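Read through the structure below, which is laid out as structure tokens, and then see the notes.
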Amino acid sequence: LKAAKVLVAGVGGLGTAAALYLAAAGVGKLVLVDKDVVELSNLNRQILYTTEDLGKPKAEVAAKRLNSLNPDISIEALTLEINEENAPEIVKGCNVVVDGQDNYKIRYALNDACILHRIPFVHASVHAYEGRLMTILPGKGPCYRCLIPVPPPEVKGFPILGTVPGTISTLQATEVIKIVLGIGKLCIGRMLVYDALDMAFYEIKIERNPECPSCRLL
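Residue 601 is where the sequence shown starts when you use this note's numbering, and the numbers rise one by one after that.
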């Protein structure tokens, strides 16, 4: 773990908890990327921030908190937006990329960059009372574009139960640790779904699309 470099793409509801557990576990280098500043509406689920951090860059605040937790690791904070142009350079050299995004365009950019560099990509998403997780290992199962070929219509206005991203991001951190250590069975080719209202987990099998424009040549 000490030798690993992990990119946390987005330090919001998913990324803050995932980064917290990765720092506590002793991952040697974390790269935190987020263009946003802390807002009051974030605080029900983005656990690295307080009211004293309002208006401050998320990546910088998160890096400071995680360094306080574990001063023996290296943390780099990047206050910028990931896109198709910069994603390949940002992910280059990382052992794993953690998806903490809520933006389809950025997820596609990360997916394609991870495929380019053959980097494991641990995807997660949340909506209302539900969370989803799938690990993408380029060349060994479906990629993010196989899962979601085109962005679905945007749904606005429904809040997220704050504990749901915490639950899913803890599982993301677990997948990252397993990848780095080379242990256990990864969530490849199957999407793990958490339903907080029913307090249940179930799986959906995801097939690789042989015509996928992102991974068909692997």
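Where a beta carbon is used, it is the ideal one built from N, C-alpha and C, also for glycine.
Since the model is a prediction, treat every value here as computed from it, not as a measurement.
A Cβ-Cβ contact shorter than 8 angstroms links residue 732 with residue 725. For the pair residue 806 and residue 747, the CB atoms are nearer than the 8 angstroms cut-off. With the rule of 3 Cβ pairs closer than 8 angstroms, the stretch 790-805 does not count as touching the stretch 630-646. Rounded to whole angstroms, residue 694 and residue 675 show a C-alpha spacing of 13 angstroms. With a contact defined as Cβ atoms closer than 8 angstroms, residue 696 and residue 779 qualify at about 5 angstroms.
When the alpha-carbon of residue 634 is set against those of 626, 613, 657, 620, the nearest one is in 657. Fewer than three Cβ pairs drawn from the stretch 762-775 and the stretch 701-715 lie within less than 8 angstroms of each other, which leaves the two stretches out of contact. Note on the stretch 629-714: whole alpha helix (DSSP H) runs with a minimum of 4 residues are 658-669, 687-691, in chain order. The beta carbon of residue 771 sits closer than 6 angstroms to those of 733, all from its chain and outside the five residues before and after it, given in chain order. According to the DSSP secondary-structure assignment, residue 727 is paired through a beta bridge with 730. Rounded to the nearest angstrom, the gap between the Cα atoms of residue 626 and residue 811 is 39 angstroms. When C-alpha distances from residue 790 are compared across 759, 741, 774, the shortest belongs to 741.
Residue 623 carries a helical assignment under DSSP once its states are collapsed to helix, strand and coil. Check the Cα spacing between residue 756 and each of 728, 604, 803, 776: the tightest is with 728.
Looking from the CA of residue 773, the closest CA among 654, 721, 754 belongs to 721. For the set 604, 744, 649, the Cα lying nearest the Cα of residue 629 is the one of 604.
For residue 785, no alpha helix (DSSP H) encloses it, and the DSSP letter there is neither H nor E. In this model, residue 618 and residue 646 are separated by some 11 angstroms (Cα to Cα). Boundaries cannot be given for residue 601, as no alpha helix (DSSP H) includes it and DSSP labels it neither H nor E. Put simply, the backbone Cα of residue 652 is about 34 angstroms away from that of residue 688. In the same chain as residue 665, and ignoring 5 residues on each side of it, the C-beta atoms closer than 6 angstroms to its own belong to 648, in chain order.
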